[in-house]
Amino acid sequence: MTNASSATSPDDSLDPTADDAHSPDVIQEPRLWHKDGWMARVIKNEDDDGWAVEMIKDGEPEPALVGPWTMGRDKKNPKPLDTSAFNTLVKTASEVLRRHEQQLRALMHKRLGVRTDDGDIDVTLDIVPDEYEPYAVLTALDAFGEQIAQVRVAPNFKLTKARAESWAEGGFGRIE
């Protein structure tokens with residue numbers, strides 16, 4: 002005996018054109034969407050009577066973005082999430098994360114040029130934010146990008162032009 006429902010409806014998991022809304026990882030509810038590694042959740046705004054939406058990237062403990070959300074027609078409940086809103090929220094939250102990563106990279110990496118008797122060199126400082134023993138690495142590179150020297154320094158080492166020149170003039174030895 003055959004199951005009539007399986008005989009009349011195709012198995013979406015075998016159909017590459019099946020709507021991904023049926024995927025177990027995709028949730029599309031009025032106040033909660035989860036798709037493509039992102040979750041949008043409409044929440045009560047703690048600051049007033051309105052609503053907010055938070056965007057959380059899968060695996061992250063904190064939202065990447067929290068912002069106001071539009072009221073529905075009844076002026077009491079939130080407007081339901083839809084495809085367009087979700088896509089806009091993903092784009093905005095991704096941009097916030099990208100800018101945060103750029104800012105973090107700028108804090109953790111410094112580079113400056115120095116003239117020496119042997120030619121121009123670049124000196125870089127890269128902070129390694131180890132949870133238990135953070136440190137930084139000071140590196141000298143020649144005009145071709147080849148490493149001349151490298152030393153480990155304190156994570157709070159301040160890279161200045163004067164310190165880089167002094168390090169070069171001292172033969173790239175240990176630096177205090």
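In short: position in the sequence shown from 1, add 1, done, that's our numbering. C-beta: ideal position from N, C-alpha, C; glycine also.
Asked	Found
Within the 8 angstroms Cβ cut-off, does Asp26 reach chain C?	No chain C is part of this structure, which consists of one protein chain only.
Please report the residue range of the alpha helix (DSSP H) in which Val91 lies.	Thr84 to Met109
Can we say the region 128-138 touches the region 79-98, given the rule of at least three CB pairs closer than 8 angstroms?	no
Could you name the residues that DSSP lists as bridge partners for Pro69?	Ala53
Classify Arg164 as helix, strand or coil using the three-state DSSP reduction.	helix
Note down, one range per segment and in chain order, each beta strand (DSSP E) of at least 3 residues found wholly within the region 122-166.	136-142 and 148-154
Tell me, please, whether the region 113-133 touches the region 83-101 by the rule of three or more beta-carbon pairs shorter than 8 angstroms.	no
Whole angstroms are fine: how far does the CA of Val97 sit from the CA of Gln29?	23 angstroms
So the candidates are Pro31, Ala94, Pro156 and Leu90; which of them puts its Cα closest to the Cα of His110?	Pro156
Where DSSP assigns a beta bridge to Pro79, which residues make up the other side?	Met72
With Trp70 and Ala94 assumed to form a contact (beta carbons below 8 angstroms), what rounded beta-carbon distance in angstroms separates them?	With 8 angstroms as the limit, Trp70 and Ala94 do not qualify as a contact, their Cβ atoms being about 14 angstroms apart.
Just to confirm, is the Cβ distance from Ile149 to Leu139 under 8 angstroms?	no
In the DSSP assignment, the beta strand (DSSP E) including Ile44 goes from what residue to what residue?	Trp39 to Lys45
Tell me which residues share the same chain as Arg153 and place their Cβ nearer than 7 angstroms to its Cβ, disregarding the 5 neighbours each side in the sequence.	Tyr136 and Val138
What residues in its chain sit with their C-beta under 8 angstroms from that of Lys162, if we drop five residues either side in the sequence?	Leu113 and Val115
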